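Chains as they are written, first to last, in our numbering: chain A, 10 to 336; chain B, 10 to 336; chain C, 10 to 336; chain D, 10 to 336; chain E, 10 to 336; chain F, 10 to 336.
C-beta: ideal position from N, C-alpha, C; glycine also.
A quick note: this is a predicted structure, and the numbers were derived from the prediction, not measured.
A short write-up of the structure that comes next.
There are 6 protein chains.
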Amino acid sequence: MADIVTFGEAMIRLSPPQFRRLEQISSLDVHVGGAELNTAVALAQLGRASAWVSCLTDNPLGRLIRNRAREAGVETRHVAWTNEHRVGLYFVEFGAAPRASSVVYDRKDSAIAMVQPGTFDWAEIFRGARWFHVTGITPALSPQAAVVTREAVEAARTAGLRVSIDLNYRQKLWTTAEAGRCLRPLLSFCDVLITTEEDAEKVLGVTAPDHEGLAQCLVRELSVDTVAITVRDNPLVWRNRWTALACRRDQVYRACSYEVEIVDRLGAGDSFAAGLIDGLLDDDLARGMETGVALSALKHSIPGDFAWVSRSEVESLRRGGNLRISR
Amino acid sequence: MADIVTFGEAMIRLSPPQFRRLEQISSLDVHVGGAELNTAVALAQLGRASAWVSCLTDNPLGRLIRNRAREAGVETRHVAWTNEHRVGLYFVEFGAAPRASSVVYDRKDSAIAMVQPGTFDWAEIFRGARWFHVTGITPALSPQAAVVTREAVEAARTAGLRVSIDLNYRQKLWTTAEAGRCLRPLLSFCDVLITTEEDAEKVLGVTAPDHEGLAQCLVRELSVDTVAITVRDNPLVWRNRWTALACRRDQVYRACSYEVEIVDRLGAGDSFAAGLIDGLLDDDLARGMETGVALSALKHSIPGDFAWVSRSEVESLRRGGNLRISR
Amino acid sequence: MADIVTFGEAMIRLSPPQFRRLEQISSLDVHVGGAELNTAVALAQLGRASAWVSCLTDNPLGRLIRNRAREAGVETRHVAWTNEHRVGLYFVEFGAAPRASSVVYDRKDSAIAMVQPGTFDWAEIFRGARWFHVTGITPALSPQAAVVTREAVEAARTAGLRVSIDLNYRQKLWTTAEAGRCLRPLLSFCDVLITTEEDAEKVLGVTAPDHEGLAQCLVRELSVDTVAITVRDNPLVWRNRWTALACRRDQVYRACSYEVEIVDRLGAGDSFAAGLIDGLLDDDLARGMETGVALSALKHSIPGDFAWVSRSEVESLRRGGNLRISR
Amino acid sequence: MADIVTFGEAMIRLSPPQFRRLEQISSLDVHVGGAELNTAVALAQLGRASAWVSCLTDNPLGRLIRNRAREAGVETRHVAWTNEHRVGLYFVEFGAAPRASSVVYDRKDSAIAMVQPGTFDWAEIFRGARWFHVTGITPALSPQAAVVTREAVEAARTAGLRVSIDLNYRQKLWTTAEAGRCLRPLLSFCDVLITTEEDAEKVLGVTAPDHEGLAQCLVRELSVDTVAITVRDNPLVWRNRWTALACRRDQVYRACSYEVEIVDRLGAGDSFAAGLIDGLLDDDLARGMETGVALSALKHSIPGDFAWVSRSEVESLRRGGNLRISR
Amino acid sequence: MADIVTFGEAMIRLSPPQFRRLEQISSLDVHVGGAELNTAVALAQLGRASAWVSCLTDNPLGRLIRNRAREAGVETRHVAWTNEHRVGLYFVEFGAAPRASSVVYDRKDSAIAMVQPGTFDWAEIFRGARWFHVTGITPALSPQAAVVTREAVEAARTAGLRVSIDLNYRQKLWTTAEAGRCLRPLLSFCDVLITTEEDAEKVLGVTAPDHEGLAQCLVRELSVDTVAITVRDNPLVWRNRWTALACRRDQVYRACSYEVEIVDRLGAGDSFAAGLIDGLLDDDLARGMETGVALSALKHSIPGDFAWVSRSEVESLRRGGNLRISR
Amino acid sequence: MADIVTFGEAMIRLSPPQFRRLEQISSLDVHVGGAELNTAVALAQLGRASAWVSCLTDNPLGRLIRNRAREAGVETRHVAWTNEHRVGLYFVEFGAAPRASSVVYDRKDSAIAMVQPGTFDWAEIFRGARWFHVTGITPALSPQAAVVTREAVEAARTAGLRVSIDLNYRQKLWTTAEAGRCLRPLLSFCDVLITTEEDAEKVLGVTAPDHEGLAQCLVRELSVDTVAITVRDNPLVWRNRWTALACRRDQVYRACSYEVEIVDRLGAGDSFAAGLIDGLLDDDLARGMETGVALSALKHSIPGDFAWVSRSEVESLRRGGNLRISR
């Protein structure tokens with residue numbers, strides 16, 4: 010029985026090796042990823058019991074996603090299987106300054122985008138759980154997916170779970186106006202909002218002179234318990250500075266900042282959410298913020314969307330890890 | 010200006026290396042393929058001026074397909090570009106006895122399946138050409154694609170081109186009844202029909218006690234000039250026996266038979282069509298049959314859908330090649 | 010809760026790609042395998058609830074093995090973790106006639122070889138289960154491992170499970186005399202014995218003029234319910250003929266025989282055991298034998314020790330699969 | 010019919026993967042490259058009609074080069090084929106500070122080095138074209154190649170094309186004295202000279218206190234219309250600063266400067282030439298300089314010699330691209 | 010101090026992976042090979058002290074060849090180093106029936122082809138050695154190489170070494186007439202001739218109704234002590250039958266015959282020579298023939314030109330190895 | 010006959026490609042490494058005659074290590090072979106900030122750890138040699154290995170060789186107290202001590218306010234002739250600053266400092282030792298320090314433990330190499 014439940018799409022991710030462009034490929038590296046699955050994986054790696062809910066096509070590609078989720082320790086028995094629709098794919102080109110990395114989605118009409126309201130027995134799924142997490146990507150997939158996301162957050166609240174939402178605005182899926190119209194109502198069921206400054210402005214129209222002010226403003230305006238903002242400084246593609254800050258009621262918490270050498274930054278934000286939830290499950294915002302930032306800083310060094318990082322590695326970094334080879 | 014024009018879908022083909030199953034992948038080999046493009050490529054490799062007509066999405070995946078077609082020497086200026094729809098994909102698992110190779114298609118709603126009638130100026134496309142080739146896959150993609158296929162064969166006849174159709178029944182795209190209803194009328198515009206015994210029975214309901222009888226029966230019943238039947242004897246996955254025979258009016262032509270060690274049999278039938286067309290362009294059925302069978306026998310030894318085989322290699326095999334290393 | 014429990018070592022398997030010899034390597038392919046885990050995986054792929062019991066080192070290599078087991082659907086919560094000992098490895102060189110494939114073991118002092126009696130709470134582990142499976146490899150690992158194997162089979166009998174043992178003699182682990190002294194007593198707790206003709210002679214000293222006679226003789230002599238013998242005819246390395254027969258009381262059952270093109274035959278015998286157990290769980294020896302042989306024939310075509318084969322694929326082959334590409 | 014014609018050698022480029030030294034290889038990555046072909050490719054990617062003229066051996070290696078050129082959209086019908094001579098090769102070791110990348114050429118006696126004067130019908134080749142581009146490498150290949158280069162630039166001028174020359178001094182091919190004696194006369198047929206400060210000093214003996222002064226000095230001394238100087242600041246191997254400036258009559262144009270993370274800098278200078286020519290074809294030096302620098306900055310991020318960069322990507326960078334992932 | 014000295018060219022061998030054609034490559038596998046080096050390597054693997062004499066370019070490619078020779082246990086201190094000339098290369102396309110494997114040489118003007126007479130101090134090189142081996146490839150490289158080969162065989166005879174020559178006719182290097190004129194005189198210094206039926210006819214014009222007769226005829230006509238003929242039956246590319254027979258004075262010796270599954274047959278003949286020499290060093294023709302055939306049969310299963318086979322593996326096969334996995 | 014003899018373990022090194030974590034592997038890159046072998050290799054690449062003494066298992070893994078040593082030019086005839094024990098392995102995960110690279114050792118009970126005193130005839134091994142080098146890893150392997158290390162340093166002194174010891178403290182092998190107790194007595198036979206500041210403090214309990222003071226203090230306290238201290242400044246994983254300083258009697262020598270982009274830093278310290286020994290063999294401490302630092306700076310750019318760097322490359326860097334591509 011899972012402590013944390015997440016809900017969303019996972020896709021097969023195809024990326025050219027060694028910085029090749031897609032027009033140059035003779036092979037593609039394969040990973041599995043999706044924002045809410047990534048968060049569930051990171052929580053499982055920390056030792057938490059996490060479950061991921063989704064729809065998958067009953068073919069080798071759908072099974073591949075399910076298998077990789079359970080390889081990483083995530084409970085998958087609530088996945089709904091279908092023979093009707095396809096498995097979503099996305100292609101990632103890794104860049105180098107001044108060429109940013111970029112994503113080509115091929116996720117239209119995927120099984121979860123075609124989900125029918127009522128597919129999931131949320132009361133059953135949430136029995137015994139303490140936390141529900143979803144991102145703004147799930148309702149962006151289709152009108153049906155938005156309805157089912159609404160079902161989920163309402164049911165989570167009803168069942169007494171705490172709810173976190175990561176805004177995660179995706180311009181390739183919907184407009185900022187559509188996102189705002191859909192996500193604002195969901196936030197009324199939400200305890201914890203995770204966002205970036207840019208998404209807060211685009212989706213919620215909220216701005217402030219600095220990150221701290223923004224977080225305070227969001228807490229007030231949205232009536233959520235906690236707002237966390239991740240902050241990336243990326244003058245280059247291979248090297249960024251990464252941190253986060255949070256506001257809970259009047260209190261502002263600023264986490265450490267890490268210089269990161271970037272192998273693969275996809276999924277970093279999702280593992281931040283995992284660390285934050287991990288702390289909040291024990292009602293420790295400070296630990297959640299530090300775990301979230303350290304875990305997601307480490308994620309940048311790992312290929313694929315999943316954070317293959319143990320709790321002891323996070324703690325070792327938080328205690329002030331050095332960069333010597335351990336031997 | 011092309012001598013031969015073909016029309017159909019090409020997809021990005023993704024296959025696990027080294028006989029892995031899809032659930033085992035950490036990478037995928039990438040090729041480009043599609044029946045009519047394969048035939049155009051094989052003709053280009055023989056030195057013929059061939060053009061391929063299709064719809065492609067204007068993104069890196071669509072450009073990849075166009076690029077690989079022109080790498081192989083095929084004219085691609087008649088391709089229609091769109092921003093609306095996706096690029097078709099298919100996944101191939103290579104097998105070993107008793108596990109057959111298998112294909113998972115992900116080609117729904119591709120650019121060519123969503124083609125609009127009137128997209129192509131066939132009269133302009135066929136100017137100066139002598140031959141048009143299409144397979145039963147193109148009209149199977151969607152009702153619109155069937156309409157445009159009909160446009161094409163009619164326009165080809167009007168423009169004085171000879172027309173060949175390879176039945177190529179695909180059970181994952183339509184039923185035999187649908188295929189029959191659609192393809193039978195097309196055959197009335199057709200000079201050369203290529204098929205297997207199995208497809209002839211499934212799609213056209215024609216059977217005969219032997220291949221020769223079948224070919225004769227098809228010529229009579231369909232009033233086509235020439236019927237060619239490819240014959241595969243596959244007791245194993247890695248080794249087959251491969252040949253073909255043809256009937257033109259009363260005359261039956263039996264080609265050589267080859268023992269083939271199989272690296273990749275996808276596209277073999279399409280390169281047979283290329284060899285046959287190559288001979289028929291010079292009104293030499295015997296040479297066409299021998300070229301077709303030799304070329305497609307060689308294709309079995311080459312990874313990917315394309316027949317990277319020169320005319321001199323085909324002729325060397327036809328003269329009785331041996332299997333010593335040439336050095 | 011698992012229906013079937015297996016117990017034994019799993020190792021990290023390192024094999025040179027493309028038939029290289031170990032002295033030629035610049036990289037190694039990595040798989041996870043071990044006889045009893047392989048059987049649990051094959052059962053999970055058939056849809057059975059299977060659990061695997063073992064000892065693993067709490068380091069990335071130990072976790073890798075656990076992860077790959079759960080990726081394939083096997084329950085791993087009974088694994089005992091240790092910081093003391095190492096993870097076993099083995100190196101496989103794939104051959105081609107006249108060079109046989111060969112294995113270099115590096116499994117000495119592994120966590121499971123160093124297992125302490127009393128480590129496992131077998132009564133708890135077996136609660137709700139119906140079948141226990143082990144092979145002759147587990148007790149060969151060390152005297153302690155032999156003691157714990159004895160614990161397991163006794164506890165299984167006590168708990169009312171049926172017990173199957175695959176002799177699996179390994180000359181690199183012990184002598185035939187040692188194997189006989191250890192395994193004979195275990196067989197008295199055993200319902201189903203799986204062996205080859207060669208192992209029966211070496212370990213049990215039982216011979217007969219033919220396979221049928223041998224099976225009958227073993228049933229009588231060992232007082233086991235069922236004896237199954239797998240039969241491999243291997244004139245070449247890349248192509249074998251593979252079948253099995255079984256004797257239950259007076260009845261002899263001969264399964265189909267398959268011509269197999271061999272990608273990787275490691276784990277084939279283990280997946281035969283899975284198919285047999287699958288049938289016997291429903292008291293259907295005939296179906297068990299046919300499932301076992303078909304499943305293990307398919308296993309030969311799949312890289313790695315695991316049988317990534319679904320029940321529907323087994324049934325499709327049993328109904329008389331052909332070797333055409335399904336598309 | 011091409012707008013731009015380039016003339017020179019292309020080779021098969023062999024490079025050890027992952028920073029291996031040549032003494033460590035078990036495989037080599039394969040690309041195709043050559044200064045003038047690289048420029049033609051970059052122009053084709055921008056949407057220009059470009060053609061490349063060269064000599065190639067009629068074997069699989071020569072065809073490989075031709076195929077890859079046409080894959081990238083370059084017209085190759087003027088290539089002269091021969092059975093006599095070899096295809097040039099070069100080996101690249103990629104370095105990391107303090108080890109510079111290095112090149113081992115194996116291009117002696119290649120087909121184009123052995124070219125015979127009169128091989129090409131330049132008047133025919135240049136019909137309808139507006140620009141001819143060549144580098145100082147082509148005449149360095151052999152005395153015959155120098156003669157044919159002279160033929161080409163004279164014919165280009167006669168046919169009314171504008172002519173650009175990139176000095177591209179290669180110390181492994183000739184001395185600075187030889188280069189100067191050969192290239193100075195060619196420059197009298199030249200409208201646009203591209204060089205680095207270092208090559209200008211070595212080949213032409215021209216120095217100045219700064220890049221601006223050098224460009225002005227070269228315009229005056231050589232009586233060319235435009236001189237462009239590329240400027241690389243490379244304190245490290247994996248990260249450089251890259252820009253260029255140009256002088257036309259009295260006017261000096263300084264382009265933007267880019268911080269580049271370097272995947273593969275080979276061909277960067279050639280793609281700068283392409284961008285510059287692209288602007289000058291529309292008589293827009295400023296746009297040419299900015300396109301050239303942006304395009305070549307992007308080239309540093311792409312494996313192989315070719316700039317797989319579209320015009321819209323160049324424009325997006327020029328408008329101030331950021332390094333976030335586009336999704 | 011070496012027992013056996015061989016003399017000839019070694020090249021860098023570049024082959025497309027997985028049966029790709031050269032026009033399809035994005036990478037090339039790298040091996041080192043050359044007939045006489047291959048023989049020296051196989052002898053070293055058997056435990057003999059062997060040395061290889063050649064000329065190499067003092068660059069990373071030349072050092073690569075030297076390094077790989079000494080990795081395999083061959084003495085390389087007599088190699089002559091030069092800065093003048095290139096390292097020979099060859100490209101191998103691996104085939105599948107009906108496409109034979111094929112070789113594209115790029116070895117012209119290599120260091121050893123440009124060798125100067127007098128380069129080697131043969132008396133010094135042969136001090137303490139007992140056997141000299143060379144093939145018909147070395148004198149085919151250039152007139153100078155032919156002169157130096159003559160130097161070597163004469164010096165070997167003078168120094169009391171036994172001399173073996175493998176005819177190894179290469180049609181891409183010279184005509185049969187040229188080969189005959191050059192090799193016939195060398196054979197007068199030769200104790201052991203190794204050939205195939207085909208080469209004997211082409212180079213020496215000797216034919217006979219069967220292999221036995223041919224060997225006897227060659228012994229008589231050429232006055233050599235021993236003639237060995239290797240016999241390949243290759244109905245397919247992936248599977249051959251391989252044996253050899255020898256005639257010494259009146260005695261004919263027929264070796265075992267092996268069914269071989271072929272990973273890479275290049276170098277097989279060279280390892281046969283090694284096995285034969287190994288036996289003859291102990292004056293045991295029978296053992297030499299059986300060692301030669303077994304060793305070279307095993308070589309077919311190993312990628313690259315070198316026979317990574319130990320004496321114990323050869324002996325195990327000769328005692329009647331089976332094809333079970335050893336574990 | 011070797012000038013320099015080194016003694017220690019070499020292992021097979023297995024590392025996930027492309028920054029993967031061990032739990033993500035489907036393949037492993039293979040190298041051979043070990044501190045003293047690495048030093049012998051670097052000396053051989055500089056042109057010195059070096060020999061490496063060790064124990065190896067007589068199986069393909071042991072032979073692989075021997076082969077790779079002789080590939081790199083190291084004399085291996087003093088290696089003692091055994092059938093009893095295993096070959097040591099280690100796994101390396103390459104990191105990116107803030108994740109340090111890390112090593113998992115699997116070297117327990119390796120052949121050299123199980124070495125018996127008296128195994129080596131040191132007097133014979135040292136005949137004609139001038140230098141003996143060992144590190145603190147060898148005695149850490151086991152008590153026996155410590156005894157044999159003591160044998161070796163004593164014998165080296167007796168035979169008149171100079172002796173260098175690199176402290177190389179490994180916390181995964183022993184405690185600092187154990188290391189101190191074992192290594193202090195060995196240092197009394199030692200001419201040259203190589204260490205880092207951190208190891209000097211941990212093992213010898215010696216600290217000083219700066220590197221210079223530390224070196225002077227160590228020279229005084231230990232009565233060794235020369236102490237060299239390597240200094241790494243590693244704010245990031247992919248980029249460090251690297252230098253060294255030495256103290257000999259009163260004289261302090263500070264070497265150049267290099268900014269290094271890091272491909273693989275394993276073995277860097279060992280190649281520093283090689284450069285230092287190279288200079289000291291000619292009694293030139295300054296040249297030894299500069300060679301050591303330059304060589305080891307270059308080593309950071311090369312995959313694997315071995316420094317594939319020639320003397321001319323070291324000298325070119327010392328003369329002030331630039332980072333342009335040499336072509």
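With DSSP as the reference, label I374/A as helix, strand or coil. Nothing in the structure corresponds to residue 374/A, since chain A is present only between 10 and 336.
Exposed or buried, which one is P69/A when buried takes at least 16 other CB atoms within 10 Å? buried
Can you give me the C-alpha to C-alpha distance between S35/B and S119/F, rounded to a whole angstrom? 33 Å
Between which two residues does the beta strand (DSSP E) holding E102/B run? 98-102
Using only CA atoms, which one of W251/C, L326/C, L98/C, L192/C lies nearest to D38/C? L98/C
Which residues mark the beginning and the end of the beta strand (DSSP E) in which Q260/D is found? 260-263
Endpoints, beta strand (DSSP E) assigned at M20/D: 20-24
Does the beta-carbon of A60/A have 16 or more other beta-carbons within 10 angstroms, so that it is buried, or is it exposed? buried
Near-chain B residues of the stretch 169-190 of chain E - C-beta to any C-beta below 8 Å: R179, Q180, K181
Short of 7 Å in beta carbon distance, which residues of its chain neighbour T205/D, apart from the five on each side in sequence? Order them along the chain. I238, T239
Could you name the residues of chain A that A306/D contacts, counting a contact when the two beta carbons are closer than 8 Å? P107
As a quick exercise: from S321/E, A132/E, G278/E, pick the residue whose alpha carbon is nearest that of V302/E. G278/E
Taking a Cβ distance cut-off of 8 Å, strictly less, list which residues of the stretch 108-131 of chain B are near chain C, in chain order. R108, A109, S110, S111, V112, Y114
Distance between A11/E and A58/E (C-alpha atoms, nearest Å): 5 Å
Say whether chain F places a C-beta atom closer than 8 Å to the C-beta of I238/C. no
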